[in-house]
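S.K.: Numbering-wise, the sequence shown is residues 0 to 370 according to numbering that gives the first Met the number 0.
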Amino acid sequence: MFENFNVPQELIPTDPRFGVGPSLVPVEFMQRLAETKTELLGTSHRKPAIKNLVKEVQEGLKKYFNLPEGYEVVIGNGGATFLFDMIGLGLVNKSSAHFTTGEFSTKWYKSHNKIPWINAENISVEYGHGINPKDMDGHDMICCTLNETSTAVMVNELPDLRNTDKLLAIDATSGAGQIPVDFNKVDLYFFSPQKVFASEGGTFIAIMSPKALDRAKANYDRDSYIPEIMSWKLAIDNSLKNQTYNTPSVSTLFFLNEQVKLMNELGECKVVDMAKEKANYIYDWANSKDYLACYVEDEAFRSIAVATINVDDKYPVPDLTKRLRDLGVIYDIDSYRKLGKNQFRISLFHNVTLENLKKLTRIIDLAIESV
Ligand SMILES: Cc1ncc(COP(=O)(O)O)c(C=O)c1O
Numbered sequence: 000m001f002e003n004f005n006v007p008q009e010l011i012p013t014d015p016r017f018g019v020g021p022s023l024v025p026v027e028f029m030q031r032l033a034e035t036k037t038e039l040l041g042t043s044h045r046k047p048a049i050k051n052l053v054k055e056v057q058e059g060l061k062k063y064f065n066l067p068e069g070y071e072v073v074i075g076n077g078g079a080t081f082l083f084d085m086i087g088l089g090l091v092n093k094s095s096a097h098f099t100t101g102e103f104s105t106k107w108y109k110s111h112n113k114i115p116w117i118n119a120e121n122i123s124v125e126y127g128h129g130i131n132p133k134d135m136d137g138h139d140m141i142c143c144t145l146n147e148t149s150t151a152v153m154v155n156e157l158p159d160l161r162n163t164d165k166l167l168a169i170d171a172t173s174g175a176g177q178i179p180v181d182f183n184k185v186d187l188y189f190f191s192p193q194k195v196f197a198s199e200g201g202t203f204i205a206i207m208s209p210k211a212l213d214r215a216k217a218n219y220d221r222d223s224y225i226p227e228i229m230s231w232k233l234a235i236d237n238s239l240k241n242q243t244y245n246t247p248s249v250s251t252l253f254f255l256n257e258q259v260k261l262m263n264e265l266g267e268c269k270v271v272d273m274a275k276e277k278a279n280y281i282y283d284w285a286n287s288k289d290y291l292a293c294y295v296e297d298e299a300f301r302s303i304a305v306a307t308i309n310v311d312d313k314y315p316v317p318d319l320t321k322r323l324r325d326l327g328v329i330y331d332i333d334s335y336r337k338l339g340k341n342q343f344r345i346s347l348f349h350n351v352t353l354e355n356l357k358k359l360t361r362i363i364d365l366a367i368e369s370v
């Protein structure tokens with residue numbers, strides 16, 4: 000189906016990239032990077048040019064998130080998946096509780112569960128449903144995923160663990176920057192920058208509270224063997240000097256910095272408002288069509304960063320997404336590969352404009368309604 004569908008010229012979006020990861024890197028950022036010529040790429044990350052870039056990213060994120068006193072922005076290589084293991088190895092004392100709502104949160108739980116000295120508990124809900132993390136006795140870390148990218152379920156309330164010795168750890172990979180949290184309650188907030196922050200993969204950003212920094216230091220002296228590349232102490236010590244433990248991807252840091260600057264010009268409140276406006280538009284659209292439905296039924300858990308929209312089985316989504324990709328008009332709105340749903344998964348990230356989302360929905364309507 001859809002192999003003969005064509006898109007009218009006036010509906011072609013200005014950018015075809017609607018994927019949730021990697022997300023679109025603005026072409027202007029690439030041009031700006033090219034303009035730096037010999038100043039950044041191919042120069043030492045231990046020298047001022049790159050150290051200043053790292054510092055600008057760290058300070059930009061502190062400003063954007065309005066981080067409380069004593070919080071640090073730690074940057075390193077490996078991305079969020081690398082951190083799943085690094086957190087289990089270096090920041091959990093004995094036991095972590097995981098509130099899981101999809102593939103990524105489950106992956107994190109599984110990483111901890113493989114570590115011989117850790118007891119990991121999985122508190123899960125059926126995919127498409129949400130659950131907020133809660134304080135749990137017997138665990139020294141509570142883990143949740145701010146925006147479960149596979150299902151588009153978000154967390155909307157956090158427990159207050161400040162008067163306990165537990166850490167609240169949040170994988171914020173696809174929600175960071177767009178789904179607000181009260182950082183006073185958060186000890187570890189980490190993400191890869193290839194989502195809302197419009198950069199590339201392979202780098203991690205871990206925002207750590209004083210409590211998490213203390214835990215990292217204390218655990219470094221434990222007897223258990225931890226590979227040096229996964230050492231929190233080395234990651235933190237280097238970040239305090241605006242460096243990374245090993246060589247970083249300079250272009251990734253550059254794009255990240257451009258996006259942080261762009262978002263700081265608006266401020267977090269405005270960015271969040273824009274996200275909500277796009278989410279309302281997409282979910283209203285899904286509710287208005289009898290061949291579409293919101294996958295996440297409970298509105299309180301419906302993501303404002305990623306939207307999952309079920310489609311009547313009469314209209315095979317893979318056929319339509321293939322045709323739109325072949326036409327070069329829309330990329331990467333397929334459902335998460337392991338979810339196996341006849342579904343669109345659409346990025347609502349900051350750089351995806353409402354105007355382009357409106358074109359996208361009109362294209363889908365046209366395709367389906369002309370069958
Ligand atoms: C919520 C979440 N966590 C973790 C990851 C893994 O990130 P990375 O591929 O950068 O390791 C992803 C990637 O999409 C994600 O969406």
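No residue lacks a Cβ here, since even glycine has one placed at the ideal position from N, Cα and C.
None of these values were measured; they are calculated from a predicted model.
Tell me the start and end of each unbroken beta strand (DSSP E) in the stretch 235-298 that is at least 3 residues and wholly inside, in chain order.
M.R.: Entirely contained in the stretch 235-298, the beta strand (DSSP E) runs reaching 3 residues are, in chain order, 291-293.
S.K.: Name the one or two DSSP bridge partners that Phe98 has.
M.R.: Phe98 is bridged to Ile122, Cys143.
S.K.: For Tyr63, report the span of its alpha helix (DSSP H) as first-last.
M.R.: Note, Tyr63: alpha helix (DSSP H), 47-64.
S.K.: Find out if the Cβ-Cβ distance for the pair Gly101, Tyr126 is shorter than 9 Å.
M.R.: Contact flag set, yes.
S.K.: So, with DSSP's three-state summary, where would you put Gln342?
M.R.: Gln342 falls in the strand class under three-state DSSP.
S.K.: Would you list the residues whose beta-carbon is nearer than 6 Å to any heavy atom of ligand 1, in the order they occur in the chain?
M.R.: With the cut-off at 6 Å, the residues found are Gly20, Gly78, Ala79, Thr80, Phe103, Thr144, Thr148, Asp170, Thr172, Ser173, Ser191, Gly200.
S.K.: By DSSP, does Ala304 sit in helix, in strand, or in coil?
M.R.: Coil.
S.K.: Just mark Gln8 as buried or exposed, buried being the case when its beta carbon has 16 or more other beta carbons within 10 Å.
M.R.: Result: exposed.
S.K.: If you pair each beta-carbon of the stretch 301-319 with each one of the stretch 328-346, do three or more pairs fall below 8 Å?
M.R.: Enough Cβ pairs lie closer than 8 Å, so yes.
S.K.: Helix, strand or coil for Thr202 per DSSP?
M.R.: Three-state result, Thr202: strand.
S.K.: Give every residue of the same chain whose Cβ lies closer than 7 Å to the Cβ of Arg214, excluding the five residues on either side of it in the sequence, and list them in chain order.
M.R.: Around Arg214: Leu90, Leu166.
S.K.: Closer than 8 Å is the cut-off here; do at least three beta carbon pairs connect the stretch 250-262 with the stretch 188-197?
M.R.: Output reads yes: the stretch 188-197 touches the stretch 250-262.
S.K.: So Asn121 and Thr99 are supposed to be a Cβ contact under 8 Å. How far apart are they, rounded?
M.R.: Indeed, because the Cβ distance is near 6 Å, the residues count as touching under 8 Å.
S.K.: Look at Phe196 and Tyr188 and say whether their C-beta atoms are less than 9 Å apart.
M.R.: Contact: no.
S.K.: Counting pairs of Cβ atoms below 8 Å between the stretch 346-361 and the stretch 262-277, do you hit three or more?
M.R.: The answer is yes - the stretch 262-277 touches the stretch 346-361, with three or more Cβ pairs under 8 Å.
S.K.: Closest to His138 by C-alpha separation, out of Asn286, Leu32, Ala96, would be which residue?
M.R.: Cα-wise, what sits closest to His138 is Ala96.
S.K.: Assign Pro247 to one of two classes, buried (16 or more other C-beta atoms within 10 Å of its C-beta) or exposed (fewer than that).
M.R.: Flag for Pro247 reads buried.
S.K.: Quick check on Leu212: does DSSP put it in helix, strand or coil?
M.R.: Here Leu212 sits in helix by DSSP.
S.K.: Starting from Ser354 and walking both ways along the alpha helix (DSSP H), at which residues does that stretch end?
M.R.: Per the sequence presented here, residue 354 reads as Glu, with Ser not at that position. First-last of the alpha helix (DSSP H) with Glu354: 353-368.
S.K.: Evaluate the contact criterion for the stretch 218-234 versus the stretch 68-85: three or more CB pairs, one atom per stretch, below 8 Å.
M.R.: Verdict: yes, contact present.
S.K.: Nearest by alpha-carbon distance to Leu291: which of Thr13, Gln342, Glu34 is it?
M.R.: Of Thr13, Gln342, Glu34, the residue nearest in Cα terms is Gln342.
S.K.: Which stretch, first to last residue, makes up the alpha helix (DSSP H) that contains Glu38?
M.R.: Taken as a continuous stretch (DSSP letters only), Glu38 belongs to no alpha helix (DSSP H), as it is neither H nor E.
S.K.: Looking only at DSSP bridge pairs, what is Asn76 linked to?
M.R.: Answer is Thr202.
S.K.: What does the Cβ neighbour count give for Ser369, buried or exposed, with the cut at 16 atoms within 10 Å?
M.R.: Exposed, since its Cβ has fewer than 16 Cβ neighbours within 10 Å.
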